[in-house]
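Taken in order, these protein sequences are the chains called A and B. Residue 1 is where the first sequence starts when you use my numbering, and the numbers rise one by one after that. Residue 207 is where the second sequence starts when you use my numbering, and the numbers rise one by one after that. Where a beta carbon is used, it is the ideal one built from N, C-alpha and C, also for glycine. Since the structure comes first, as structure tokens, the remarks are kept for the end.
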Amino acid sequence: MLVLAIDTATPAVTAGVVELGSERVTVLAERVTHDARAHGELLTPHVLDAVSRAGATLRDLAAVVCGVGPGPFTGLRAGIVTAAALADSLDVPAYPVCSLDAIASDAVADGADAPFLVVTDARRREVYWAAYDREGHRSRGPEVAAPAALDPAARRVEHAHPSPAGLARTAATAIRASEAPAPLTPLYLRRPDAAVPGARKRVSAS
Amino acid sequence: MSRIVMGVESSCDETGVGLVRLHDDGTVELLADEVASSVAEHARFGGVVPEVASRAHLEAMVPTVHRAFDTAGLRMSDVSAVAVTAGPGLAGALLVGLSAAKAYAAALDVPLYGVNHLAGHIAVDTLQHGPLPAPSLALLVSGGHTQLLRVDDIAGKITEIGSTVDDAAGEAYDKVARVLDLPYPGGPPIDRAAREGAPDAIAFPRGMTGPRDAAYDFSFSGLKTAVARWVEAAQARGEDVPVADVAASFQEAVADVLTAKAVRAATESGIGTLVISGGVAANSRLAALAAQRCADAGIELRIPRPRLCTDNGAMIAALGAHLVSAGCAPSALEVSADPALPVSTISL
Ligand SMILES: [Zn+2]
Chain A
1 MLVLAIDTAT PAVTAGVVEL GSERVTVLAE RVTHDARAHG ELLTPHVLDA
51 VSRAGATLRD LAAVVCGVGP GPFTGLRAGI VTAAALADSL DVPAYPVCSL
101 DAIASDAVAD GADAPFLVVT DARRREVYWA AYDREGHRSR GPEVAAPAAL
151 DPAARRVEHA HPSPAGLART AATAIRASEA PAPLTPLYLR RPDAAVPGAR
201 KRVSAS
Chain B
207 MSRIVMGVES SCDETGVGLV RLHDDGTVEL LADEVASSVA EHARFGGVVP
257 EVASRAHLEA MVPTVHRAFD TAGLRMSDVS AVAVTAGPGL AGALLVGLSA
307 AKAYAAALDV PLYGVNHLAG HIAVDTLQHG PLPAPSLALL VSGGHTQLLR
357 VDDIAGKITE IGSTVDDAAG EAYDKVARVL DLPYPGGPPI DRAAREGAPD
407 AIAFPRGMTG PRDAAYDFSF SGLKTAVARW VEAAQARGED VPVADVAASF
457 QEAVADVLTA KAVRAATESG IGTLVISGGV AANSRLAALA AQRCADAGIE
507 LRIPRPRLCT DNGAMIAALG AHLVSAGCAP SALEVSADPA LPVSTISL
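Below, the structure written as structure tokens:
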């Protein structure tokens, strides 16, 4: 079956169409642009481009997979709301995936030795991270922290963003079993910056 | 054959989805107008917090779309165009609605219209009062904008002839409400308090009304400061603050300047129709004074009902329908939000 994979948790605008077989995940087409400010502009055009390069139409999709972060807020939402609206109007399920899990899956597929940490840029001199055990399963995280807080001895994988294959692989079991998807809840990991105002300042000189 | 246009609004703290029917004669009929507001989440911050608004838009978007289709009794496949606010507004908030609208337009294989929020505030009036005479004058008053606009063609030509040089009218309401210990947003509680007060109790200043001031521009910063000074002086004398009189006198100053300048602009440009829209258009004193002054000047006054005046998706659907009707080119799917989109750019 054809699955659309989307991720905007990193500066990459990622869209791809994968064929999800009973055993294998095969990428048919993907479009990735590295531009942290272009998620809103490019994501839907990338989706349409990937679908047409896969020789398909949106109507052929059986499911949508979406990375739900953790990621800096603004771009992350572009991917999630796009996935939600596409799935809604195409009447197919949308499966959330932790974007770091998809990166871990890519690393394992590329032959990385687990255990390892997946670390992405959280801006403000912090990183998002999660730890993966010998089998490549997440054992801790995702969390946001200063880089110094991470175990310096741990191996780290260097993938900057999840691939459509990694996203689809991470959700494959749920999709194959036609499980009811969890809601597409973003992994913000930080509270909004907002302060409750204190006492009003007087305007008159006292 | 009539066409259904869906409208998506997310420029500030309301997630709005509207559905309208564009009839062959160019008239536009309202079918659904669903809004999810995050205003309660901003109240304790005394103003809209952009990140809080953006998070709320993401949560509300798809459910609000569903409510709109349920209300209208339509299926998504009935839609022939999707219109969405492309600006002006909060960047992160705009991005949520624009991304959703692109996905709906792509999945439904219909054209996308990225449109101007301010023009939507004017277009919404056609849902209630029918086609807008050309030219018309529009006074947009809300927490984010205070502008006088000449509307030659709702789908083609809108020209700003005046705007606030500092605070928006609605912003002044919020700040004065804080001075008077009234809740946020300040418009409704000040309007209520003012009903028990005397509008001529205190002579608050009328900003930008001197002989050398720009005839159609506004200023509310000085008024807000004058109210705060007056209240602080009363408190310093150990007096109880006459909240109703302060509210009524403040509200009178706002309504006086807004209506005087709007009527003067209409008269001086020979324009026979004034539309007042935006959240502050729901203010009772503004509506009453505008009615009286427009009647005296022989100007037709059109104020959409309060529900249509505040931010909503129906206004965006209505504007989209006028663009479809006029044969305007749709937007590219690569269109990006413009937080500072000028009102003269009706669609992108
Ligand atoms: Zn507005």
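Reduced DSSP secondary structure (H/G/I, E/B, other) of residue i
| i | result |
| --- | --- |
| Ile210(B) | strand |
| Asp49(A) | helix |
| Ile6(A) | strand |
| Thr221(B) | strand |
| Arg507(B) | Looking at the sequence shown, residue 507(B) is not Arg but Leu. DSSP places Leu507(B) in strand when its eight states are reduced to three. |
| Ala456(B) | Sequence check: residue 456(B) is Phe here, not Ala. Helix. |
| Leu333(B) | helix |
| Pro142(A) | strand |
| Ala131(A) | strand |
| Ser22(A) | coil |
| Glu402(B) | coil |
| Glu540(B) | coil |
| Gly166(A) | helix |
| Ser553(B) | strand |
| Gly416(B) | coil |
| His34(A) | strand |
| Glu158(A) | coil |
| Val17(A) | strand |
| Leu28(A) | strand |
| Ala195(A) | coil |
| Ala180(A) | coil |
| Ala148(A) | helix |
| Glu126(A) | coil |
| Ala12(A) | strand |
| Glu445(B) | coil |
Buried or exposed (CB count within 10 angstroms, at least 16 for buried), residue i
| i | result |
| --- | --- |
| Glu135(A) | exposed |
| Gly416(B) | exposed |
| Asp406(B) | exposed |
| Ala329(B) | buried |
| Ser22(A) | exposed |
| Met414(B) | buried |
| Thr365(B) | exposed |
| Lys363(B) | exposed |
| Ala459(B) | buried |
| Gly533(B) | exposed |
| Arg491(B) | buried |
| Arg140(A) | exposed |
| His323(B) | buried |
| Thr212(B) | Contrary to the premise, residue 212(B) reads as Met rather than Thr in this sequence. Its Cβ being crowded by 16 or more others within 10 Å, Met212(B) is buried. |
| Met267(B) | buried |
| Gly279(B) | exposed |
| Asp397(B) | buried |
| Ser441(B) | Per the sequence shown, the amino acid found at residue 441(B) is Gln instead of Ser. The residue in question, Gln441(B), is exposed, as its Cβ has fewer than 16 Cβ neighbours within 10 Å. |
| Gln353(B) | buried |
| His137(A) | exposed |
| Gly403(B) | buried |
| Val196(A) | exposed |
Endpoints, the alpha helix (DSSP H) within which residue i is located
| i | result |
| --- | --- |
| Arg513(B) | 512-515 |
| Ala523(B) | 519-531 |
| Arg477(B) | Rather than Arg, the amino acid found at residue 477(B) in this sequence is Ile. Ile477(B) -> no alpha helix (DSSP H), and no H or E assigned at all. |
| Ala442(B) | 427-442 |
Residue i - containing beta strand (DSSP E), residue span
| i | result |
| --- | --- |
| Leu117(A) | 116-121 |
| Ala318(B) | Looking at the sequence shown, residue 318(B) is not Ala but Leu. 318-322 is the extent of the beta strand (DSSP E) around Leu318(B). |
Only counting runs of 3 or more residues, tell me where the beta strand (DSSP E) segments fall wholly within the region 55-110 of chain A, in order along the chain. 61-67, 94-97
Which residue spans inside the region 338-393 of chain B form an unbroken beta strand (DSSP E) run of at least 3? 342-347, 352-359, 363-369
Ignoring anything shorter than 3 residues or poking outside the region 225-312 of chain B, list the beta strand (DSSP E) runs there in chain order. 234-243, 285-293
Mind listing which residues have their beta carbon within less than 7 angstroms of any non-hydrogen atom of ligand 1? Chain order is fine. Ser217(B), Cys218(B), His323(B), His327(B), Ser348(B), Gly350(B), His351(B), Gly484(B), Gly485(B), Asp517(B)
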